[in-house]
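Residue numbers (this note's numbering), protein chains in the order written: chain R, 1 to 127; chain G, 1 to 127; chain H, 1 to 127. All C-beta atoms in this analysis are idealised placements derived from N, C-alpha and C, irrespective of residue type, glycine included.
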Amino acid sequence: MPISISVKTDSRTEMVNITSSVQKEIAGVQDGICVVYVPHTTAGITINEGADPDVCDDILTKLSELVPPNRGYRHTEGNADSHIKASLMGSSVSVMVENGRLVLGTWQKIFFCEFDGPRSRKVYIKF
Amino acid sequence: MPISISVKTDSRTEMVNITSSVQKEIAGVQDGICVVYVPHTTAGITINEGADPDVCDDILTKLSELVPPNRGYRHTEGNADSHIKASLMGSSVSVMVENGRLVLGTWQKIFFCEFDGPRSRKVYIKF
Amino acid sequence: MPISISVKTDSRTEMVNITSSVQKEIAGVQDGICVVYVPHTTAGITINEGADPDVCDDILTKLSELVPPNRGYRHTEGNADSHIKASLMGSSVSVMVENGRLVLGTWQKIFFCEFDGPRSRKVYIKF
């Protein structure tokens with residue numbers, strides 16, 4: 001199995017900064033491309049600003065405005081919106097690694113995007 | 001050329017589960033990352049739930065609600081909406097492979113997303 | 001550091017075709033997968049049609065319609081919309097390379113997506 005990290009979410013929708021957990025796992029890698037993958041269908045992953053938590057709040061609020069819960073969807077498990085948001089954000093990000101460090105922009109952090117929490121989730125990492 | 005699989009679509013918008021076709025092509029790969037790529041500009045690719053077909057219906061319905069066809073777009077070929085949806089879904093997914101098997105979550109399947117069908121399409125696969 | 005190319009943008013929102021710049025950098029690569037990565041949080045990257053510039057105009061117009069600027073966002077730097085659009089488009093694309101050439105579909109070009117310009121930006125490339 002690939003390297004796996006655990007993510008615990010506390011709300012229905014939430015963005016969790018997993019950058020340091022990913023960094024820890026790739027410390028031994030000198031050089032390459034790292035894929036960070038979400039094996040869930042009601043969660044996604046994205047890279048965005050980590051300095052001001054309002055940025056993540058705005059992303060979650062806008063996604064819920066575009067894809068509100070419980071609006072006559074056909075999927076009847078109450079999480080149709082979560083599935084749609086997962087596809088809008090995507091299931092993986094690719095990040096470069098050099099000298100054992102993730103190559104991120106100054107403001108970039110990697111965020112696990114929970115759209116149907118709270119839950120215990122996994123994220124896979126591979127080079 | 002990379003490995004190529006053919007996808008035949010029957011409607012203007014449609015999500016086609018291509019997981020088993022991709023799995024067949026990567027059977028000889030022991031370990032790595034597989035990129036599944038759509039060489040079209042009015043189609044995309046995503047990973048989402050495969051058990052209940054209503055999930056895909058909801059994704060397609062919501063995309064058409066957010067990006068309706070024929071709404072005063074500048075591109076005059078009648079598929080401006082298809083191009084926009086293609087960028088929202090993305091042109092590739094990255095999936096891990098271990099021991100000749102795609103590493104997917106329990107509910108995850110890979111879907112070719114047709115936004116301007118019906119057509120004969122290609123999907124490229126590379127490790 | 002990875003290979004870096006510079007992109008100069010002239011408007012607040014703009015899509016810049018960077019395909020030939022990327023092609024130039026990968027000319028020596030025989031075979032592989034190339035990740036093109038945006039190290040910014042108010043810009044994204046996508047692959048779409050390059051023949052008719054109206055396609056890009058339609059994408060930018062629709063994104064601004066779905067995520068208008070200055071609509072009561074919590075992030076107060078005036079670019080909350082730019083961050084949200086960045087996550088909708090994504091921070092990287094993966095493209096196959098064979099015999100020193102990007103494997104793109106007939107109409108496909110790689111576009112840097114500026115959402116908070118005009119600015120001087122970077123794009124990273126790695127194999």
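Open item on the list: In this structure, how does DSSP classify residue 206(H) when only helix, strand and coil are distinguished?
Closed with: Beyond the ends of chain H as shown, which are 1 and 127, falls residue 206(H); an answer cannot be given.
TODO: Quick one: grab the DSSP three-state call for residue 63(H).
DONE: Residue 63(H) carries a helical assignment under DSSP once its states are collapsed to helix, strand and coil.
Open item on the list: Against chain R, does residue 102(G) count as a neighbour if the rule is that its beta carbon must be under 8 Å from one of theirs?
Closed with: No, its Cβ sits nowhere closer than 8 Å to a Cβ of chain R.
Open item on the list: Contact criterion: CB-CB distance below 8 Å. Does residue 62(H) meet it with respect to chain G?
Closed with: At least one C-beta of chain G is nearer than 8 Å to the C-beta of residue 62(H).
- [ ] Assign residue 126(G) to buried or exposed, taking buried as 16 or more other Cβ atoms, counted over all protein chains shown, within 10 Å of its Cβ.
- [x] Only buried fits residue 126(G), as 16 or more other CB atoms lie within 10 angstroms of its CB.
TODO: Give a yes or no on whether 8 Å exceeds the smallest Cβ distance from residue 108(G) to chain R.
DONE: Closer than 8 Å to some Cβ of chain R, the Cβ of residue 108(G) qualifies, so yes.
TODO: Compare the Cα-Cα distances from residue 99(H) to each of 21(H), 19(H), 43(H) and 31(H) and report the closest residue.
DONE: Of all alpha-carbon atoms in 21(H), 19(H), 43(H) and 31(H), the one lying nearest the alpha-carbon of residue 99(H) is that of 31(H).
Open item on the list: Residues of chain R with CB closer than 9 Å to the CB of residue 84(G), please, in chain order.
Closed with: The contacting residues do not exist; residue 84(G) stays about 13 Å from chain R at best.
Open item on the list: Could you tell me the alpha carbon to alpha carbon distance between residue 107(G) and residue 39(R), rounded to whole angstroms?
Closed with: One C-alpha to the other measures close to 8 Å.
Task: residue 95(R) versus residue 103(R) - alpha carbon distance - done: Rounded to the nearest angstrom, the two C-alpha atoms are 7 Å apart.
Task: Residues that DSSP places opposite residue 44(H) in a beta bridge - done: BP columns for residue 44(H) point to 113(H).
TODO: Let me know the secondary structure DSSP gives residue 96(R) once reduced to three states.
DONE: Looking at residue 96(R) - three-state DSSP - the assignment turns out to be strand.
Open item on the list: Only counting the same chain, and skipping five residues up and downstream in sequence, which positions put a Cβ closer than 6 Å to that of residue 97(R)?
Closed with: Its chain contains 26, 29, 32 and 34 as the residues whose beta carbon lies nearer than 6 Å to that of residue 97(R), once the 5 sequence neighbours on both sides are disregarded; these appear in chain order.
Task: Top-ranked residue by Cα proximity to residue 49(G), from 21(R), 41(R) and 51(R) - done: Out of 21(R), 41(R) and 51(R), the CA that lies nearest to the CA of residue 49(G) is found in 41(R).
Open item on the list: Checking the sheet assignment: what are the DSSP bridge partners for residue 4(G)?
Closed with: Answer is 124(G), bridged to residue 4(G).
Task: Residue(s) in a DSSP beta bridge with residue 17(R) - done: According to DSSP, residue 17(R) bridges with 111(R).
Open item on the list: For residue 96(R), would you say it is in contact with chain H, using Cβ-to-Cβ distances shorter than 8 Å as the test?
Closed with: At least one chain H Cβ lies under 8 Å of residue 96(R).
- [ ] Return no unless some Cβ of chain G is closer than 8 Å to the Cβ of residue 47(H).
- [x] Yes, contact with chain G.
Open item on the list: Tell me the DSSP secondary structure of residue 88(H) in three-state form.
Closed with: Residue state, collapsed to three classes: helix.
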